[in-house]
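The opening residue of the sequence shown carries number 108 in the numbering used here; numbering runs sequentially from there.
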Amino acid sequence: MIAINKLTVSFGGFTLFDNLQFNVGDKDRIGLTGKNGAGKSTMLKVICGIQPPTSGSVTIPKGYRIGYLPQHMTYGDTKTVFEEAETAFAELKNLQAEVDRLNEELATRTDYESDDYMDFLTRLSEKTERLSLVGADNYKAEIELTLKGLGFERTDFTRETREFSGGWRMRIELAKILLSHPDIILLDEPTNHLDIESIQWLEDFLKDYSGAVVVISHDRAFLDNVTTRTIEIVLGKIYDYKANYSKYLILRQERFEQQMNAYRNQQKMIEDTEKFIERFRYKATKSVQVQSRIKQLEKLERIQVDDFDKSALNIKFPPAPHSGVITVRGKHVSKAFGDHTVLNDVDFEIERGEKVAFVGRNGEGKTTMARMIMRELEYKGEIVLGHAVKIGYFAQNQADLLNPEDTVFDTVDRVAVGDIRTKIRDILGAFMFSGEDIDKKVGVLSGGERTRLAMIRLLLEPVNLLILDEPTNHLDIRSKEILKQAIKDFNGTVIVVSHDREFLDGLVNKMYEFRGGKMKLHIGGIYDFLRERKMESLKELEAMRRQDSKPAKTAPAPTPKVEEKPAKAPVQTLSYEQKKELDRKINKLSKAVKEAEDNIAKTEAELKSVEQQLNNCSDNNKALELSNRHAELSTLLENYMTVWTEKQEELETLQN
């Protein structure tokens with residue numbers, strides 16, 4: 108267990124943390140939240156020992172191993188992807204080398220009766236047992252599973268890491284941390300560089316992890332799925348709840364309302380008491396009562412209401428100028444970078460007023476398509492913008508394109524024209540830049556502050572097509588919710604490239620999935636898409652299993668005569684006993700399939716019932732109980748589906 112004791116951190120007279128105290132248990136799943144600049148990343152650095160506290164201490168058990176993924180890092184790796192991931196097993200490889208050395212020595216020793224020989228055997232046995240426990244036999248398979256889970260293909264394993272972008276190299280670092288199995292994993296915005304499928308894989312990994320997890324994330328769905336405890340840093344203090352993020356918000360609001368009611372009642376009592384004292388202060392007949400009331404006020408413990416930080420973005424996009432019915436249409440569009448084909452002969456159409464998401468794994472062409480629509484990249488085929496379409500574009504690296512030497516005010520002033528220049532300070536204020544903030548240089552701003560500043564450009568001129576490429580990466584949860592509402596209120600067309608499920612939920616009802624060089628249209632919400640995609644993934648997995656189970660073809664191809672044999676000929680040669688055994692197996696598998704189908708139907712019905720109860724539940728404890736049951740049922744349903752798929756496949760094989 109890690110203990111944070113009376114922790115204070117100050118910078119140049121500004122106190123970031125003030126006398127904080129909390130513990131991190133061995134199995135905790137903690138979401139560390141708070142607005143940008145609250146000190147979340149600093150807290151992780153303090154726990155790691157990278158940032159020393161001004162006062163207080165962090166107590167860590169001896170031998171306790173910490174795995175830390177920072178939000179930004181520099182890379183000096185020169186190995187292949189697989190070799191770099193393999194460095195997580197340096198201790199195991201050293202142990203393997205030691206066991207090999209001891210075995211070689213064992214072969215040369217002849218002092219079988221000596222005490223030293225028995226000690227040697229004990230030492231060899233202990234190291235061999237430890238080697239078996241840490242998984243010496245399957246660590247390469249574990250590396251492969253982890254890399255594939257984080258989005259790498261087998262063909263990537265032998266590529267040098269320097270060939271990959273910063274986001275993909277961040278995934279390699281994350282893989283190394285997960286593979287090293289530390290006692291606690293500290294992750295600072297791990298989902299920023301992951302696609303939806305990789306995020307879901309990471310969620311499953313962290314939920315089942317044997318150690319503790321502390322994660323900073325602005326992905327609400329990720330926090331809800333992984334964490335069971337929330338610590339929010341607000342104005343130098345912490346608020347600690349045994350609940351995931353969504354339940355924490357409800358509990359915090361309830362506590363705030365209770366405090367406000369108690370505070371108002373106490374203030375009313377204080378006001379009445381002070382009026383009594385003032386009214387009868389100089390009346391001798393009331394002197395005893397007056398003195399009693401004065402002492403009562405002096406002893407009164409004043410109720411304080413938590414000072415929650417309510418600062419937030421105030422975004423409203425200008426009304427969209429009128430445009431044609433078709434906003435953008437693509438016909439036979441293809442794009443390749445050298446020998447690598449990203450998009451191959453795709454068609455798409457987006458109409459006026461639609462809010463569309465581009466989703467899919469990283470590297471499948473989402474940002475490429477956005478840039479092609481912007482005419483920033485050449486391509487084959489045809490992309491046509493509709494009548495009077497005017498685009499506002501927020502690039503994925505928009506915040507990084509700002510001049511670090513410009514001030515916040517100058518950054519906006521350089522692009523503002525006309526009457527809007529008289530409202531620059533008001534616009535900056537709406538984006539939480541006020542007072543001395545507007546004179547800060549861009550180079551000292553946090554990632555979230557740069558994102559907010561870059562987004563202001565979209566408000567300076569009316570457009571009717573917004574293309575937003577990962578606009579939420581550095582925004583806190585509250586700011587994302589306000590941006591989401593502003594996009595929903597916008598009366599123009601919107602294309603959003605995003606992996607943030609909570610942000611997309613309720614915002615878009617049409618999606619183009621980029622996969623295998625194609626754009627596949629999905630109608631419905633993001634969670635409808637994910638449910639559909641999961642079923643597709645299972646089908647693909649089963650197809651891969653069937654392919655892998657086929658024997659390798661090492662013999663020459665069969666002659667035409669063999670190929671012309673009827674497919675059922677082998678069945679006709681079965682003996683009576685063999686046929687009887689085959690029928691018995693088919694009946695058994697048929698019952699297993701029917702049982703799995705019944706279990707699936709029953710579990711789906713109970714899941715629906717639990718979801719309805721959750722929607723109508725106002726009791727926090729009951730809601731937590733229902734939520735846990737929902738998670739259990741979801742896992743159970745997935746297991747039943749797997750059983751059904753396996754049994755159905757076996758049944759079809761025997762029947763054919």
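We put the CB at the ideal spot given by N, CA and C, even for glycine.
Residues that DSSP places opposite residue i in a beta bridge
i, result
"I602", "V463 and I574"
"L492", "V435"
"S441", "K487"
"S164", "N112"
"F501", "L575"
"T768", "In the structure displayed, the chain extends from 108 to 763; residue 768 sits before or after that span and is not available."
"L293", "Y175 and V321"
"T514", "K548"
Collapsed DSSP secondary structure at residue i in the structure displayed
i, result
"E260", "coil"
"M618", "strand"
"F118", "strand"
"L127", "strand"
"I594", "helix"
"A110", "strand"
"K625", "strand"
"E267", "strand"
"V551", "helix"
"L209", "helix"
"T253", "helix"
"G170", "coil"
"T765", "No answer is possible for residue 765: it lies beyond the span of the chain, which begins at 108 and ends at 763."
"L407", "coil"
"T217", "coil"
"F538", "coil"
"I584", "helix"
"Y747", "helix"
"T181", "coil"
"I279", "helix"
"I630", "strand"
"Q762", "helix"
"Q203", "helix"
"S232", "helix"
"D135", "coil"
"Q158", "coil"
"K423", "coil"
"E732", "helix"
"E702", "helix"
"A145", "coil"
"S272", "coil"
"H737", "helix"
"S430", "coil"
"K349", "coil"
Residue interval of the alpha helix (DSSP H) (run including residue i)
i, result
"E458", "From DSSP, E458 is part of no alpha helix (DSSP H) but of the beta strand (DSSP E) over H447 to E458."
"T475", "K473 to I480"
"R359", "Y352 to F387"
"K530", "Element bounds for K530: n/a, residue is neither H nor E."
"L508", "Segment: none, L508 is in no alpha helix (DSSP H) and carries neither H nor E."
"E609", "R608 to L611"
Short CB-CB distance (under 8 Å) between residue i and chain C
i, result
"L566", "The chain inventory of the structure shown lacks chain C, comprising one protein chain alone."
Residue i: CB within 7 Å of a non-hydrogen atom of the ligand SAH
i, result
"T187", "With respect to the ligand SAH, the structure offers nothing, as it holds no ligand at all."
Quiz item: Below 8 Å, can you find three or more Cβ-Cβ pairs linking the region 337–352 to the region 136–152?
Solution: yes
Exercise. For the region 296–347, list the alpha helix (DSSP H) runs that are entirely contained and at least 4 residues long, ordered along the chain.
Key: 303–314 and 327–333
Quiz item: Three or more beta-carbon pairs under 8 Å between the region 149–167 and the region 365–378, yes or no?
Solution: Too few Cβ pairs lie closer than 8 Å, so no.
Quiz item: So, do the region 312–328 and the region 594–604 have three or more beta carbon pairs nearer to each other than 8 Å?
Solution: A contact between stretches requires three or more CB pairs, one per stretch, nearer than 8 Å, and the region 312–328 fails this requirement with the region 594–604.
Quiz prompt | the region 289–302 contacting the region 198–218, beta-carbon criterion three pairs below 8 Å | solution = no
Self-check item: Inter-stretch contact (C-beta, 8 Å, three-pair minimum) for the region 526–546 and the region 459–472
Solution: no
Practice problem: Evaluate contact between the region 562–581 and the region 402–409, counting only Cβ atoms and requiring at least three cross-stretch pairs below 8 Å. | Solution: no
Quiz item: How do the region 247–261 and the region 302–316 stand: do at least 3 beta-carbon pairs fall below 8 Å, yes or no?
Solution: yes
Quiz item: Taking one C-beta from the region 610–627 and one from the region 449–457 each time, how about it: are there three or more such pairs within less than 8 Å?
Solution: yes
Quiz item: Are the region 548–564 and the region 508–522 touching by the rule of at least three beta carbon pairs closer than 8 Å?
Solution: yes
Exercise. Specify whether the region 379–389 and the region 182–200 touch according to this definition: at least 3 beta carbon pairs, one from each stretch, less than 8 Å apart.
Key: no
Exercise. Say whether the region 587–594 touches the region 432–443, bearing in mind that this needs 3 or more beta-carbon pairs closer than 8 Å, one atom from each stretch.
Key: no
Quiz item: Okay, do the region 158–170 and the region 187–205 touch, 3+ Cβ pairs below 8 Å being the bar?
Solution: no
Quiz item: Between the region 340–349 and the region 125–132, do three or more beta carbon pairs fall short of 8 Å?
Solution: Remark: three or more beta-carbon pairs, one from each stretch, lie closer than 8 Å, so the region 340–349 and the region 125–132 are flagged as touching.
Quiz item: Should the region 171–180 be called in touch with the region 112–123, which here means at least 3 C-beta pairs below 8 Å?
Solution: no
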